[in-house]
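Protein sequence lines, in the order shown, are assigned to chains H and U. So the mapping is simple: the working numbering equals the position in the first sequence, first residue as 1, plus 255. So the mapping is simple: the working numbering equals the position in the second sequence, first residue as 1, plus 5.
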Amino acid sequence: MKHAISHRYRRLASAISVTASAALLLSACAATGASSLTATDSSVAKVVGGASQVKATLKTSGSGDVCALNSTSAKAGPVTFTITNTDSTAITEFELQSDQRIIGEKENLVPGLAAVSFTVTLTGGKYQVICPGATTESQTFTVVGKAASTGNGSVQEALASGITGYTSYVTQEVNNMVSGSIALKNAIDSDDLAAAQKAYAEARPYYERIESDVEGFVLPGFKPTDNAGNLDYLVDMRASNLDPKVGWHGFHAIEKDLFQTKAISQGTKAFATELVANVKKLDELSKTLTYKPEDLANGASGLLEEVQTSKISGEEEAYSHIDLVDFAANIEGAQQSFAYLQDGLKLIDPALTTKITAEFAAVTTLLDKYKDPSSLGGYIRYTAKVKAADAPSLSKAVEALHEDLARIAEKVATA
Amino acid sequence: MADKDDDKIDLSRRGFLGGAGGLAASGLVVGAVAGAAGAFAVATQSPTIAAVAADAHPFYNQPHQAGIQTEPQKYTVFMTYELTTSSRTDVQVLLARWSAAIAQLAKGDTIGSPQPTRPDAVAQDSGEALDLGPEGLTVTLGLGPGVFDDRFGLSARKPTLLEKIPTLPSDQLQPEYTGGDLSLQACANDPQVAYHAIRNLTRMARGTAATLWTVTGFGRASAGPSQQTPRTLLGFKDGTRNIFEDSDLEKWVWTAGDGQAWMKGGSYMVARKIHMNIETWDTDAIGDQQNVFGRTKLEGAPLSGHREHDTPNFTKKDASGDLVIPATSHIALAAHENNGGVKILRRSYNYTEGIDDLGQIDAGLLFIAYMNDPKHFIEMQTKLGSVDRLNEYIKHIGSAVFAVPPAPKQGSFIAADLFA
Chain H
256 MKHAISHRYR RLASAISVTA SAALLLSACA ATGASSLTAT DSSVAKVVGG
306 ASQVKATLKT SGSGDVCALN STSAKAGPVT FTITNTDSTA ITEFELQSDQ
356 RIIGEKENLV PGLAAVSFTV TLTGGKYQVI CPGATTESQT FTVVGKAAST
406 GNGSVQEALA SGITGYTSYV TQEVNNMVSG SIALKNAIDS DDLAAAQKAY
456 AEARPYYERI ESDVEGFVLP GFKPTDNAGN LDYLVDMRAS NLDPKVGWHG
506 FHAIEKDLFQ TKAISQGTKA FATELVANVK KLDELSKTLT YKPEDLANGA
556 SGLLEEVQTS KISGEEEAYS HIDLVDFAAN IEGAQQSFAY LQDGLKLIDP
606 ALTTKITAEF AAVTTLLDKY KDPSSLGGYI RYTAKVKAAD APSLSKAVEA
656 LHEDLARIAE KVATA
Chain U
6 MADKDDDKID LSRRGFLGGA GGLAASGLVV GAVAGAAGAF AVATQSPTIA
56 AVAADAHPFY NQPHQAGIQT EPQKYTVFMT YELTTSSRTD VQVLLARWSA
106 AIAQLAKGDT IGSPQPTRPD AVAQDSGEAL DLGPEGLTVT LGLGPGVFDD
156 RFGLSARKPT LLEKIPTLPS DQLQPEYTGG DLSLQACAND PQVAYHAIRN
206 LTRMARGTAA TLWTVTGFGR ASAGPSQQTP RTLLGFKDGT RNIFEDSDLE
256 KWVWTAGDGQ AWMKGGSYMV ARKIHMNIET WDTDAIGDQQ NVFGRTKLEG
306 APLSGHREHD TPNFTKKDAS GDLVIPATSH IALAAHENNG GVKILRRSYN
356 YTEGIDDLGQ IDAGLLFIAY MNDPKHFIEM QTKLGSVDRL NEYIKHIGSA
406 VFAVPPAPKQ GSFIAADLFA
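The following block contains the structure:
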């Protein structure tokens, strides 16, 4: 997830808050609400049971696959879209968008499956029906009149409140990381190897829960290509990826002394002092972070990427073998991001929300097997034997979750 | 995504590439979105030149799935899966999604966009087959016995003949190459096209089914009616007497359903991963090798005749009174004359997987055969496994059996009636 650096700049530079852009959107919709359509137009959806009924049919025709709507407009209020795929193999998704935001979506629309529907409350304005893969992918859908609350408005409100929650979660984790690294430094300074090992295992999860949010920081005055100014490098670099010009720093340099050499040297103490200083810098910089919904989604996906590439392989904690502690922390961090997006995502794609919730549960159930209160960090050591026996099943469970989690960003993106 | 305009069929390679190029370009088209505020652009697909490639096999409205009677393509990627879900609906949705995706892939089209317009979107199609064309791609879907165990409430729908293959004589099956709840046999004339199909279909299965075992076949080892009999890695022609005639297929390959309407017109696939002891075979004298097979090496003629397609004479004796085709030779044991007339359709591929842990070449044959009763294979292999002289040079290390449903109607999916 090293590409997060570019996300970082975008995120830091962003001056528009989510709440503000949601407000702009609502007024834009209201402004375009004026229209000459009347309820007698044949293109206006019929209202049944309090909701306008729109039918969409995905089909193949002589000139390519089409997404046919039986109505291209509706009165403000609840609108139900019912989608049937007669025989199109090119179109498998149906999205309703407003101002580039997805406000309702159905996926896996393939021939032979039953029709599916979703209902959104829409106020007056122009919307787009997007069917990727159709000869005409975008169609305008017009809503006339005013509704008290729009699907889009409530999605944006739910996402905005989720972001507030997530922001304080990160702040709390970074604060804990500062105290955790101070505890580690104190144990090292008192030459107590057992206490230092314990403090190491306790300090690690704070970083692993939020590393996708903080890994792109570059200290002032350094070029992005210079690892000497890259905080993630200085805090979390593994022996396997060392930059010879900058040398080794941070958690894993300490890990080697504590778990392989099993001796605390002056060097270990210097590493610990430096770690505390760098984590404090991280704490300062993280306060400047602002998040968009897609940042939470991409961050969660990034944490799973970390699990797949360095935890399941046992690369992350090569000396202490507490990879399962980091693994659990990565999952927990991803689960927090998801939890804060959940209320908004549920309004956009409830099926996916349910599926991801179940996939998180499957992974955590699998991880629970390895819990051991008497082990460092609360999980058994990830030995070669455990890895050989269980890595494929762990990897497959994470893979299933990752596949779906990776699709959230687009849905919650504020563009 | 290419248009299907029957009036403008262009069978030339150039015509196809034109269509694909149009498709790729359409991903870059920035369409104005009426009424939308902001600069976000949605790709609007411009109608592309109609192109139905000559090397594309139809997917819908065929009596049988493609990839069985289809003349064997040059390459295969065969993958088996275990179902990780306990939900019957998940299985149904996967078969429906796979079907629609296979229909797209067989046309040389993508499964969704390889380059979505929104920066936060994840591409649905990995893209490595773009512009390669269909290359004769067929993807044949099979259902293993596990689909009908007590997990999905489908046990009453099990075709009666679909049973796990028992351990047979000489079997040295390794659990990691054995069984499977689902299988996909992708065959194409470009290995990257077959690989792309399996890669993307596997991704589609995540959360519902996980990979179990796979074999990548680099060379065709069975022939269709207009093809020359190819050679296995033992250097001999094998499968000279493969069946091609519709009448043979009606009699030996297609099933009436075994009590299951959804299987009518389907077949059973037996897949065996057969390791070859390449090093010892290479040092065996030619006379012995020919006696092992019962055929000559160059021509592939039965030892009782002169030409490849001469009917073997299994009773002919030489001057000293010995059978010309030894009774324990491969062809004598496998011949339909000596198996109650039973014939199977073979569709095998040679594979290699590098070097094994003894430092020897790890290679062999992915034996694939289609039949309307897996017992036909079991009986033949019981005999071969017991006395075939070839056993000294091969070992069966992998095995699986699948029910292969008929092709779906347009608007439906493979095995849809199983869930009806």
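Don't be surprised by glycine CBs; every beta carbon is placed ideally from N, CA and C.
is_contact[residue i, chain H] using C-beta, thresh 9 Å
| i | result |
| --- | --- |
| residue 409 of chain U | no |
| residue 85 of chain U | no |
| residue 125 of chain U | yes |
Chain U contact for residue i (CB, 9 Å cutoff)
| i | result |
| --- | --- |
| residue 533 of chain H | no |
| residue 342 of chain H | yes |
| residue 375 of chain H | no |
| residue 315 of chain H | yes |
| residue 655 of chain H | yes |
| residue 662 of chain H | yes |
| residue 367 of chain H | yes |
| residue 419 of chain H | no |
| residue 569 of chain H | no |
| residue 387 of chain H | yes |
Residue environment, residue i, which counts as buried when at least 16 other CB atoms sit within 10 Å
| i | result |
| --- | --- |
| residue 303 of chain H | exposed |
| residue 475 of chain H | exposed |
| residue 502 of chain H | exposed |
| residue 496 of chain H | exposed |
| residue 202 of chain H | There is simply no residue 202 of chain H to check, as chain H begins at 256 and stops at 670 in what is shown. |
| residue 149 of chain U | buried |
| residue 445 of chain H | exposed |
| residue 419 of chain U | buried |
| residue 599 of chain H | buried |
| residue 671 of chain H | Because chain H is modelled from 256 through 670, residue 671 of chain H falls outside the range shown and cannot be assessed. |
| residue 66 of chain U | exposed |
| residue 230 of chain U | exposed |
| residue 346 of chain U | exposed |
| residue 421 of chain U | buried |
| residue 320 of chain U | exposed |
| residue 648 of chain H | exposed |
| residue 227 of chain U | buried |
| residue 393 of chain U | buried |
Beta-bridge partners of residue i, as assigned by DSSP
| i | result |
| --- | --- |
| residue 279 of chain U | U/370 and U/401 |
| residue 383 of chain H | H/352 and H/395 |
| residue 360 of chain H | H/350 |
| residue 187 of chain U | U/86 and U/148 |
| residue 338 of chain U | The partner list for residue 338 of chain U (beta bridge, DSSP) is empty, contrary to what the question assumes. |
| residue 347 of chain U | DSSP output for residue 347 of chain U lists no bridge partner at all. |
Distance between residue j and residue i (C-alpha atoms, nearest Å)
| i | j | result |
| --- | --- | --- |
| residue 431 of chain H | residue 590 of chain H | 18 Å |
| residue 319 of chain H | residue 363 of chain U | 55 Å |
| residue 266 of chain U | residue 411 of chain U | 10 Å |
| residue 541 of chain H | residue 534 of chain H | 10 Å |
| residue 98 of chain U | residue 292 of chain U | 55 Å |
| residue 406 of chain U | residue 243 of chain U | 22 Å |
| residue 643 of chain H | residue 569 of chain H | 11 Å |
| residue 261 of chain H | residue 573 of chain H | Low per-residue confidence applies at residue 261 of chain H: pLDDT is 38, beneath 50, and the placement is therefore not dependable, though the value from the model is reported in the following sentence. C-alpha separation (whole angstroms): 29 Å. |
| residue 566 of chain H | residue 177 of chain U | 35 Å |
| residue 616 of chain H | residue 597 of chain H | 15 Å |
| residue 309 of chain H | residue 384 of chain U | 59 Å |
| residue 62 of chain U | residue 112 of chain U | 7 Å |
| residue 356 of chain U | residue 81 of chain U | 9 Å |
| residue 665 of chain H | residue 91 of chain U | 29 Å |
| residue 442 of chain H | residue 555 of chain H | 32 Å |
| residue 408 of chain U | residue 164 of chain U | 8 Å |
Contact belief for residue i with residue j at Cβ below 8 Å, rounded distance in angstroms
| i | j | result |
| --- | --- | --- |
| residue 579 of chain H | residue 637 of chain H | 5 Å |
| residue 563 of chain H | residue 467 of chain H | So it is not a contact: roughly 13 Å between Cβ atoms. |
| residue 142 of chain U | residue 198 of chain U | 5 Å |
| residue 102 of chain U | residue 321 of chain H | Residue 102 of chain U to residue 321 of chain H, Cβ: 20 Å. No contact. |
| residue 611 of chain H | residue 660 of chain H | 6 Å |
| residue 396 of chain H | residue 327 of chain H | 6 Å |
| residue 350 of chain U | residue 73 of chain U | 7 Å |
| residue 614 of chain H | residue 208 of chain U | So it is not a contact: roughly 15 Å between Cβ atoms. |
Residue i Cβ short of 8 Å to the ligand MN heavy atom set
| i | result |
| --- | --- |
| residue 492 of chain H | Inclusion of the ligand MN in the displayed structure is not the case, the ligand content being empty and no account of it being possible. |
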